[in-house]
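Novice: My questions all concern the structure below.
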Amino acid sequence: MTRPDAPGTTPGPRTWRKPSFIANPVLRYGLWLVVLVYLIWAFGSLPFNWTRIAEGLPRAARIFGSGFPPSFERGGLLLTGFKESFQIAILATLLGVALSIPFAVMAARNIAPLPIYLFGRAVIIISRSFHPVIVAILFVAAVGFGPLAGVLTLTLYSIGFVGKLLAEEIEEIDWGQVEAMKATGAGYFSILVYAVFPQILPRQVGLSMYQLDSNLRASAVVGIVGAGGIGGTLMNAFGRYDYDFAFAILLIIIAVILVSEGISGWVRKKIW
Amino acid sequence: MVDQTDALAARIWHRYDRKERLIRYAVLLVTVMVVYWAVRDIDIFWPWVWDAPNQISSLGARMWPPDPRRLEQIIGAMIETVHIATLATMLTIFIALPVSYIAAQNTTPNRACLWLGRFILVSSRSVNTIIWALLFVAIFGPGVLAGILAIMFRSIGFIGKLMGEAIEEIDRRPVEAMEATGASKLKVIAYAVVPQVMPAFFAIVILRWDINIRESTVLGLVGAGGIGVLLQGSIDTFAWPTVATILIAIVILVLIGEAITSILRRKVI
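Sequence order for the protein chains is A and B.
For the first sequence, the numbering used here assigns the number 14 to the initial residue and increments by one for each residue that follows.
For the second sequence, the numbering used here assigns the number 657 to the initial residue and increments by one for each residue that follows.
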C-alpha cells in the first residue's frame, strides 16, 4: 500500500473540479443526447421557408422605416379603440369576479360535495386551457363581431383564473370558524357568508385588481380576432400596411399597460 | 355611576371608523359610476346579449359530435405546436440570461446597463405574443419561424424578470469570497452566482414552457404556425365538428403539458 505523500512517490498536481449538477454521468450525458436528438428532430420536421425568411431583413427595414416616426394623426380612432378596451375590461372583470365566487365554492374540496367539486374543477380547467384568443373566435362566431364577444371571452377567462386561486384559498381557510358556526346549527349558506367569505375577501379584492390589469392586457388582443377594442384598430392598421399608425398604437398600449400595472400594484400593496 | 354604565352599554360596535367608512363609500361610488359609464357607453347591441345563450348553445350543437376524420393532420399540427413552444423556450434562455444579469441590481456592471436591461424586459412583457407574431409574420412571412420568434420575444421578459429577481436575492458572501481570491469576473459568475440560482432557473423555465404551450396554440390565427392554422381554417369553412376535435385536442395537450411540468418540477427542484 502506498500513500500518495509517502516518500518515493511523486504526488501529481491535484486540481479541484466543480461537482456537476447531475452527479450520475450516464444521466448527464444522456440528457445532452436527448436534447440534441430532439433539436435535430424538431428542426428537421418544421417547415421553414428559407427564401421567404431571407427576404425578411430588407422587409423589416422597410416596416420599421415606415413605422418611424409613429403617427398620432388619427387620435380619435385611437381614443375610441382604447375606450372600448377599457369598457370591455371593466365589465368582464366585474362579471368574472362575481361569477368566480360560486365556481370557487364549487371547486373547493373542503366545502363542496364530490360531484359538485368535480363539476367546478372541470369548468375551471376548461376555461383555463384555452387561450383567450381562441375563446374569442368562438364567441365571435356565436354572437357576432364587437365588444360583446370580448366581454364574454374575458369573463370566462377571469372565472378560470380567479376561480382557481380563490378555490385554493378556500381550501386553506381556518376551519375553526366553520365548526363554530356548525355547532350553533347554522345552515350551509349562513356558514358560507359568515365563516368562509370574510376569510377570503381580502384575497378576492387583490385578485380582482390583478384581474382588471390582466383583462386590460387581454382586451388588446381579443380585438385581433374581431372581439372589439384597440386590437381591432391595430389589426386594421397592420392589414393596411399603415405601420406608423400601428407603431403609435403599440406605444400607447405599452404605456397604458405600464400605468395600469403601477396602479394595480399600488392598490394591492395597500390592501394586503 | 349607573348612568355611565348605561352609556357604555348603549355604545354600538362599529367595524370601521368614520374615515374608513367614508373611503369605502367613495370607492364603491366610483366603482358604480365607472361600471354605469361602461354599460351605457359600450357599443353593444342589447338584443344580441339576450340572444347570446341561444346562439352559444346552437354553436355547441353544431359542434357535436366531434369529427375525428382529420385526426392525423391535427396530431401533426399539435407536434408542430409543441416544437414551437419548446424550441422558443430553449432559445429564449440564451438571450434572457444575459439580460437578467444586467437587469439585476447586484450584478449589473453600471447604471446604463441596468436601465437597458429593464427596458428590454418591460417592452418584451408589455407586447402580447399575438402582437409579436403579427409583427414577425409581416417581416418573415407566415410560418413557424415567426411563431418561434414571437414566443421568444415574449418569454425573454418573463424569464429575464424572474431570473433577475432570483439573482438579486443571492447570498453575497460566496461572491465576495471569490472576489477576494482574485477570481475573474467570468469565474465569479460560474462558481458563485450560477450554483445559487440554478434551482430557480429550472423552476422558471419549466413554468414558462407550460405557458408557452398555451400561447403557441393561438399563433396560427395570425399565420405563425401550429394548431391555430388548422383551427382558423376549420372555423372559416364552418367545419364545426372538426373545430370541436381540435379544441378537445388542445385541452388534452394542455393537460399533458401540466402533468409533465409537475413531474419535472418534483424531479428537479
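The beta-carbon is built from N, C-alpha and C at its ideal position, and this holds for glycine as well.
Straight-line CA distance for Val878 of chain B to Ile172 of chain A?
Specialist: Counted from its first residue, the second sequence places residue 878 of chain B at position 222. Counted from its first residue, the first sequence places residue 172 of chain A at position 159. For Val878 of chain B and Ile172 of chain A, the distance between alpha carbons rounds to 26 Å.
Novice: For the stretch 205–278 of chain A, list the alpha helix (DSSP H) runs that are entirely contained and at least 4 residues long, ordered along the chain.
Specialist: Within the stretch 205–278 of chain A, the complete alpha helix (DSSP H) runs of at least 4 residues fall at 210–235, 243–252.
Novice: On the CB-based measure, 16 or more other CB atoms within 10 Å of its CB, does Tyr170 of chain A come out buried or exposed?
Specialist: Numbered from its first residue, the first sequence carries residue 170 of chain A at position 157. Tyr170 of chain A is buried by the Cβ-count criterion.
Novice: Excluding the 5 residues preceding and the 5 following Met14 of chain A in the sequence, name in chain order all residues of the same chain whose CB lies nearer than 8 Å to its CB.
Specialist: Position 1 of the first sequence, counted from the start, is the residue given in the question as residue 14 of chain A. Reliability of the predicted coordinates at Met14 of chain A is poor, the pLDDT of 47 falling under 50, and no value is obtained from them.
Novice: With a Cβ-Cβ cutoff of 8 Å, do Val853 of chain B and Ile807 of chain B count as a contact?
Specialist: Mapped onto the second sequence, residue 853 of chain B falls at position 197. Mapped onto the second sequence, residue 807 of chain B falls at position 151. Contact: no.
Novice: Against His739 of chain B, what residues of chain A qualify as contacts under a CB-to-CB distance less than 8 Å, listed in chain order?
Specialist: Position 83 of the second sequence holds residue 739 of chain B. Under the 8 Å cutoff, chain A gives Ala55, Ser58, Leu59.
Novice: Report yes or no: is there a C-beta of chain A within less than 8 Å of the C-beta of Gln729 of chain B?
Specialist: Stepping through the second sequence from its first residue, residue 729 of chain B is reached at position 73. So no, Gln729 of chain B is outside the interface.
Novice: Determine the closest residue to Gln190 of chain A out of A:Gly200, A:Val209, A:Val218, A:Lys177, with distance taken between C-alpha atoms.
Specialist: Translated into positions along the first sequence, residue 190 of chain A becomes position 177. It is A:Val209 whose Cα lies nearest to the Cα of Gln190 of chain A.
Novice: Which residues in the same chain have their Cβ closer than 6 Å to the Cβ of Val885 of chain B, if we skip the five residues on either side of it in sequence?
Specialist: For this step, residue 885 of chain B is matched to residue 229 along the second sequence. Once the five neighbours on either side are set aside, the close Cβ partners of Val885 of chain B are Gly876.
Novice: Chain B partners of Glu97 of chain A, CB-CB under 8 Å?
Specialist: What you label residue 97 of chain A is simply residue 84 of the first sequence in a count that begins at 1. Those are Ile698, Asp699, listed as they occur along chain B.
Novice: Would you say Val118 of chain A and Ala125 of chain A are within 8 Å of each other, going by their C-beta atoms?
Specialist: As a position in the first sequence, residue 118 of chain A is number 105, starting the count at 1. As a position in the first sequence, residue 125 of chain A is number 112, starting the count at 1. Using a Cβ distance threshold of 8 Å, Val118 of chain A and Ala125 of chain A count as a contacting pair.
Novice: Is there a Cβ from chain B that is less than 8 Å from the Cβ of Ile147 of chain A?
Specialist: Translated into the one-based positions of the first sequence, residue 147 of chain A becomes position 134. It does: the Cβ of Ile147 of chain A has a partner Cβ on chain B nearer than 8 Å.
Novice: Going along the chain, which unbroken runs of the alpha helix (DSSP H) with 4 or more residues stay wholly within the stretch 94–158 of chain A?
Specialist: 127–142, 145–156
Novice: Considering Cα atoms alone, identify which of A:Gly252, A:Leu271, A:Ser277, A:Ile276 is closest to Val783 of chain B.
Specialist: Translated into positions along the second sequence, residue 783 of chain B becomes position 127. Val783 of chain B has its Cα closest to that of A:Leu271, out of A:Gly252, A:Leu271, A:Ser277, A:Ile276.
Novice: Is the beta carbon of Leu104 of chain A sitting closer than 8 Å to the one on Val47 of chain A?
Specialist: The residue you call residue 104 of chain A lines up with position 91 of the first sequence. The residue you call residue 47 of chain A lines up with position 34 of the first sequence. It is not a contact, given that the beta carbons lie outside the stated cut-off.
Novice: Are the CB atoms of Gly773 of chain B and Thr764 of chain B nearer to each other than 8 Å?
Specialist: Residue mapping note: residue 773 of chain B aligns to position 117 of the second sequence, counting from 1. Residue mapping note: residue 764 of chain B aligns to position 108 of the second sequence, counting from 1. Yes, these two residues count as a Cβ contact at 8 Å.
Novice: Taking C-beta to C-beta, are Ala155 of chain A and Ile904 of chain B nearer than 8 Å?
Specialist: Translated into positions along the first sequence, residue 155 of chain A becomes position 142. Translated into positions along the second sequence, residue 904 of chain B becomes position 248. Not closer than 8 Å, so no.
Novice: Find the nearest neighbour of Gln224 of chain A within the set A:Asp257, A:Ser277, A:Ile186, judged by alpha-carbon distance.
Specialist: Position 211 of the first sequence, counted from the first residue, corresponds to residue 224 of chain A. Nearest option by C-alpha distance: A:Ser277.
Novice: The alpha helix (DSSP H) with Arg781 of chain B in it runs from where to where?
Specialist: Here residue 781 of chain B refers to the residue found at position 125 when the second sequence is read from its first residue. Residues 767–782.
Novice: Taking DSSP as the reference, what is the three-state secondary structure of Pro798 of chain B?
Specialist: For the purposes of this step, residue 798 of chain B is identified with residue 142 of the second sequence, where counting begins at 1. Note: Pro798 of chain B maps to coil in three-state DSSP.
Novice: Quick one, which of B:Phe750, B:Ile749, B:Thr748, B:Trp771 has its alpha-carbon nearest Ala759 of chain B's?
Specialist: What you label residue 759 of chain B is simply residue 103 of the second sequence in a count that begins at 1. Of the listed residues, the one whose Cα sits closest to Ala759 of chain B is B:Trp771.
Novice: Would you report the Cα separation of Ile730 of chain B and Glu68 of chain A, rounded to the nearest angstrom?
Specialist: Sequence index remark: in the second sequence, residue 730 of chain B carries index 74 (1-based). Sequence index remark: in the first sequence, residue 68 of chain A carries index 55 (1-based). If I take the Cα positions, the gap works out to 30 Å.
Novice: Whose C-beta lies closer than 8 Å to the C-beta of Met194 of chain A among residues of the same chain, with five residues either side of it excluded?
Specialist: As a working mapping, residue 194 of chain A is identified with position 181 in the first sequence. Here the set comprises Ser203, Ile204, Tyr207, Ala208.
Novice: Flag this pair as touching only if the stretch 234–248 of chain A and the stretch 211–219 of chain A have three or more C-beta atom pairs under 8 Å; answer yes or no.
Specialist: no
Novice: Does the beta-carbon of Glu97 of chain A have 16 or more other beta-carbons within 10 angstroms, so that it is buried, or is it exposed?
Specialist: Translated into positions along the first sequence, residue 97 of chain A becomes position 84. The residue is buried, with at least 16 neighbouring Cβ atoms inside 10 Å.
Novice: My assumption, with CB atoms under 8 Å, is that Tyr130 of chain A sits in contact with Arg141 of chain A. Please give the rounded CB distance.
Specialist: Locating residue 130 of chain A in the first sequence gives position 117, where the first residue counts as 1. Locating residue 141 of chain A in the first sequence gives position 128, where the first residue counts as 1. Tyr130 of chain A to Arg141 of chain A, Cβ: 16 Å. No contact.
Novice: State buried or exposed for Leu40 of chain A, treating a residue as buried only when at least 16 other CB atoms are found within 10 Å of its CB.
Specialist: Against the first sequence, residue 40 of chain A aligns to sequence position 27. Leu40 of chain A comes out exposed.
Novice: Out of A:Phe81, A:Leu179, A:Ala102, which has the shortest C-alpha to C-alpha gap to Leu229 of chain A?
Specialist: In the first sequence, the residue the question calls residue 229 of chain A occupies position 216. Measuring from the Cα of Leu229 of chain A, the nearest candidate turns out to be A:Ala102.
Novice: Using three-state DSSP, classify Ala895 of chain B as helix, strand or coil.
Specialist: On the second sequence, residue 895 of chain B is found 239 positions in, with the first residue counted as 1. If DSSP states are grouped into helix, strand and coil, Ala895 of chain B belongs with coil.
Novice: Would you say Ala733 of chain B and Ile883 of chain B are within 8 Å of each other, going by their C-beta atoms?
Specialist: Reading the second sequence from its first residue, position 77 is the one you call residue 733 of chain B. Reading the second sequence from its first residue, position 227 is the one you call residue 883 of chain B. Taking 8 Å as the Cβ cut-off, Ala733 of chain B and Ile883 of chain B qualify as a contacting pair.
Novice: In chain B, which residues lie with their C-beta within 7 Å of the C-beta of Lys31 of chain A?
Specialist: Counted from its first residue, the first sequence places residue 31 of chain A at position 18. What Lys31 of chain A touches in chain B: Tyr847.
Novice: So, is the C-beta of Phe857 of chain B closer than 8 Å to a C-beta in chain A?
Specialist: Counting from 1 along the second sequence, the entry for residue 857 of chain B is found at position 201. No, its Cβ sits nowhere closer than 8 Å to a Cβ of chain A.
Novice: Measuring alpha carbon to alpha carbon, tell me which of A:Ala233, A:Lys282, A:Val148 ends up nearest Leu263 of chain A.
Specialist: Walking along the first sequence from the start, residue 263 of chain A turns up at place 250. Here the closest residue by C-alpha is A:Ala233.
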